[in-house]
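Taken in sequence, the protein lines are chains F and S.
Take 93 as the starting number for the first sequence in the working numbering and just add one per residue.
Take 31 as the starting number for the second sequence in the working numbering and just add one per residue.
Reading through the structure tokens given below for one structure.
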Amino acid sequence: MTETWTVRTDRDSCMGTGMCAFLAPHVFDVDSTGRVTVIGPVTAGDDAVRQAVEACPMSALELIITNDEASNLQGDDQ
Amino acid sequence: MSNALADRERLRRLFDLRSDVYISRGGAFDVDPYPTFHELRESGPVHAHSPHEPLGWTGPVFFQGLPYPDRPHFTAYDFETCSTILKDDEHFVTNVPPIGNEQVLPNTILFMDGKEHRAHRTLVQPSFIPAKVAWWLDNWIRGSVEALIDSIAPTGSADLNLDLCAPVPMLTITGSFGLTDDEALQIREAVTSDLGDTTTMARLLAPIIAARRQEPQDDLITVLTQAELTDDDGAVHRLNDIEILTFAFVLLAAGTGTTWKQMGITLWALLTHPETMEQVRQDPSLMRGVIEESVRWMLTDPAFSRFAVKDTTLAGVHIPAGAVVHACLGAANRDPKRWDRPDEFDPFRPMKPHLGFGFGPHTCLGMHVARMEMTHAINTALAKLPNLRLDPNAPAPQVIGLYERGMDTVPVVFDAAGSAS
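Following this line, the structure appears as structure tokens:
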């Protein structure tokens, strides 16, 4: 069974510390408004993404892991 | 580049950790706190005391959340509880109404909470994001590091803690204010000779603030002159001169000593792990892991605090409203529940987020700039000081201090530039 990872960002909570952009620069950046933006694909099993989600000082990132049945619903986010 | 940086004696005097300036931060206190931290984590992890008490420090203390003798104090020593203290701003805040004769906390981003804090931090946050690090490097970090290394390289020996690590963070920030190296040292001189003296900085910055209002430049004072605050009623206004000066002073105070001391600790860690140092010399990108591990393993400021605003409970311990709650981040960063062999400096361990730059809304604003200052200064030292090693004839360096910990010295020898090795 394969997993699909998606990240939900809460731009209202985000303070733009850039912790995520430091830990997973291939996925996250801080845009000109000072809020998180997803700039690359989230790959299942990418430990840097897991770290970024965990390390977010404002808990503005949420990692959603779905298995392959449910992934049809989430597929567009990839 | 001015020759202000060539006067090594002056630099050393201005940044002496054993000087009077540092006594209330633990000064030359040289006890290794980590065995005590481990014991207190196991027997706690939350105790009813301030972090310095179980370490046997009886001298004066002045630090964030200290001394506040009329309030109960608690300290947490594990990763989970420390994360909660820094994150839960419903219960734990940085500013409360003073009781008795307590000093009113200054109205800066260090002591604001909630919406007010967010509004003020947002003014400068975009200048400190990872994408802006190259701006800091190219404009201010590279030049200072080069000038300092150039003055060190021909001599064959140095105390890198004072000759390199101490001035780089200060010059980076004062450079971003538009101040010269000589003006930066004047500010340092004023602050170290009389802790309260901010008039020198005010005198030197006032004309720059005025000039930037007239003619914007690509620097941090310009950012502050153009920043717009939106009030609760929707009115937009710019910062006045006093607000800009206060902001600048906070950035300098928060970003100078911390980065210096962590840089010295990181260099010492490498010099005492020569194989790792050689690997870093060959692959400078390894500095990323070295710095994260240094900050985890030997954090310069090992405790920060919050005030409890409501009665609550931490790890089973009742915390009354009004208490000062210290998060011992140094202890949290060696929590064995989270890290194997937590007392070992191992830059190759799997990366795992630590609390070295804090957590929650007050997470270190300058962390990415600090990382770049340390990375660039140390990589340049490794590249330009051949055969770099600890001076075998000097006393072994020690980590000293209590609430602001750093190296007493980092004495090194190397092959002097221009001489045959």
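Quick reminder that beta carbons are idealized off the backbone N, C-alpha and C, glycines included.
Remember, predicted model here, so these are calculated numbers, not experimental data.
| Contacts that F/Thr101 makes with chain S (C-beta to C-beta distance below 8 Å) | Result: empty, since nearest Cβ-Cβ is about 15 Å, beyond 8 Å.
| request: Would you list the one or two residues that DSSP bridges to F/Glu154? | output: Partner(s): F/Arg100.
| said: Using only the alpha-carbon positions, how far apart do F/Cys106 and S/Gly448 sit? | reply: Each residue's alpha carbon lies about 52 Å from the other.
| request: Check the DSSP bridge columns for S/Arg336 and list the partner residues they point to. | output: Looking at the DSSP assignment, S/Arg336 forms a beta bridge with S/Val355.
| request: May I ask you to verify whether the stretch 141-159 of chain S touches the stretch 35-46 of chain S, counting CB pairs closer than 8 Å and requiring at least 3? | output: No: the two stretches stay apart, fewer than three of their Cβ pairs being nearer than 8 Å.
| How about S/Ala361 and S/Arg71: are their beta carbons less than 8 Å apart? | S/Arg71 is positioned such that its CB atom lies closer than 8 Å to that of S/Ala361.
| message | Please state the DSSP three-state secondary structure of S/Thr343. | response | Three-state DSSP puts S/Thr343 in a strand.
| Closer than 8 Å, CB to CB, is S/His398 near chain F or not? | Yes, contact with chain F.
| said: List, in chain order, every chain F residue whose beta-carbon is nearer than 8 Å to that of S/Pro160. | reply: Neighbours of S/Pro160 on chain F, chain order: Gly110, Ala113, Phe114, Pro117, Asp121 and Val122.
| query | Can you list the residues of chain F that S/Thr202 reaches, using a CB-CB cut of under 9 Å? | reply | Listed along the chain, the chain F residues whose CB falls inside 9 Å of the CB of S/Thr202 amount to none; the nearest CB is some 17 Å away.
| query | Excluding sequence positions up to five away, which residues of its chain have a Cβ less than 7 Å from the Cβ of S/Ala36? | reply | For S/Ala36, same chain residues with a beta-carbon under 7 Å away, outside a window of 5 residues either side, are Ser181 in chain order.
| task | Can you tell me which of S/Thr204, S/Gln309, S/Arg233 and S/Asp261 puts its alpha carbon nearest to the alpha carbon of S/Ile272? | result | Selection S/Thr204, S/Gln309, S/Arg233 and S/Asp261 evaluated against S/Ile272 yields S/Arg233 as nearest (Cα-Cα).
| message | Would you say S/Phe390 lies against chain F (beta-carbon separation less than 8 Å)? | response | The sequence shown places Gly at residue 390 of chain S, rather than the Phe named in the question. Chain F, which has a Cβ nearer than 8 Å to the Cβ of S/Gly390, makes this yes.
| query | So which residues of chain F does S/Met381 contact, with C-beta pairs closer than 7 Å? | reply | The CB of S/Met381 comes closer than 7 Å to the CB of Gln143 in chain F, given here in chain order.
| said: Under 7 Å, CB to CB, which of the residues in the stretch 150-184 of chain S have a partner in chain F? | reply: Result list: Arg151, Thr152, Gln155, Pro156, Ile159, Pro160 and Ala161.
| Does F/Cys106 get closer than 8 Å to chain S when you measure Cβ to Cβ? | It does not: the Cβ of F/Cys106 has no partner Cβ on chain S nearer than 8 Å.
| request: Answer yes or no: does any C-beta atom of chain F fall closer than 8 Å to that of S/Arg148? | output: Judged by the 8 Å Cβ criterion, S/Arg148 is in contact with chain F.
| message | If contacts are defined as beta-carbon pairs under 8 Å, then S/Leu85 and S/Thr66 qualify, I think. What distance do you get, rounded to the angstrom? | response | The beta-carbon separation of S/Leu85 and S/Thr66, rounded to 6 Å, stays under the 8 Å limit for a contact.
| said: Along the stretch 123-139 of chain F, where does the CB come closer than 7 Å to a CB of chain S? Name the residues. | reply: So the close ones are Gly126.
| query | Roughly how many angstroms lie between the CA atoms of S/Arg319 and S/Phe378, to the nearest whole one? | reply | A small correction: the amino acid at residue 319 of chain S is Gly; Arg does not occupy that position in the sequence shown. Looking at the two C-alpha atoms, the distance is approximately 7 Å.
| CB F/Asp121 to CB F/Ala113, shorter than 8 Å? | Yes, Cβ-Cβ distance for F/Asp121 and F/Ala113 is below 8 Å.
| query | Listed in chain order, which residues of the stretch 340-362 of chain S have Cβ atoms closer than 9 Å to some Cβ of chain F? | reply | Shown here is that no member of the stretch 340-362 of chain S has a Cβ falling below 9 Å from a Cβ of chain F.
| Listed by chain order, chain S residues near F/Glu146 by CB distance under 7 Å | The CB of F/Glu146 comes closer than 7 Å to the CB of Pro383 in chain S, given here in chain order.
| field | Residue ranges of each alpha helix (DSSP H) within the stretch 215-252 of chain S, 4 or longer | value | Runs found: 229-244.
| Got a sec? Which residues, its chain only, sit under 7 Å from S/Ser157 by beta carbon, not counting five neighbours each side? | Taken in chain order, the residues that qualify are Leu250 and Val253.
| field | Residues of the stretch 257-278 of chain S with Cβ closer than 7 Å to any Cβ of chain F, in chain order | value | Of all residues in the stretch 257-278 of chain S, none has a Cβ within less than 7 Å of some Cβ in chain F.
| said: Using only the alpha-carbon positions, how far apart do S/Gln312 and S/Tyr107 sit? | reply: When rounded, the separation of the alpha-carbon atoms in S/Gln312 and S/Tyr107 is 37 Å.
| Proximal chain F residues relative to S/Thr393, where beta-carbon distance stays under 9 Å | Chain F residues near S/Thr393: Met107, Thr109, Met111, Pro149 and Met150.
| task | Tell me whether F/Phe114 sits in a helix, a strand or coil according to DSSP, three-state version. | result | In this structure, F/Phe114 counts as helix in the three-state DSSP scheme.
| request: Note down the Cα distance separating S/Val440 from F/Arg142, rounded to an integer number of angstroms. | output: Answer to the nearest angstrom: the Cα atoms are 37 Å apart.
| S/Thr186 versus S/Asp193: straight-line alpha-carbon distance, rounded | Note on identity: in this sequence residue 186 of chain S is Gly, with Thr being the wrong assignment. In a straight line, the C-alpha of S/Gly186 is about 13 Å away from that of S/Asp193.
| By Cβ distance, which residues of its chain are closer than 6 Å to F/Asp169, with the 5 residues on each side in sequence left out? | Residue placement at F/Asp169 cannot be trusted, given a pLDDT of 44 that sits under 50; what the coordinates show is reported in the next sentence. Hits under 6 Å: Thr98.
| field | Coarse secondary structure for S/Ser315, derived from DSSP in three states | value | Residue state, collapsed to three classes: helix.
| task | Find out if the Cβ-Cβ distance for the pair S/Gly386, S/Asn363 is shorter than 8 Å. | result | In terms of Cβ geometry, S/Gly386 and S/Asn363 form a close pair [threshold 8 Å].
| What residues in its chain sit with their C-beta under 6 Å from that of S/Thr342, if we drop five residues either side in the sequence? | Excluding residues within five positions, the ones whose Cβ falls inside 6 Å are His121 and Ile349.
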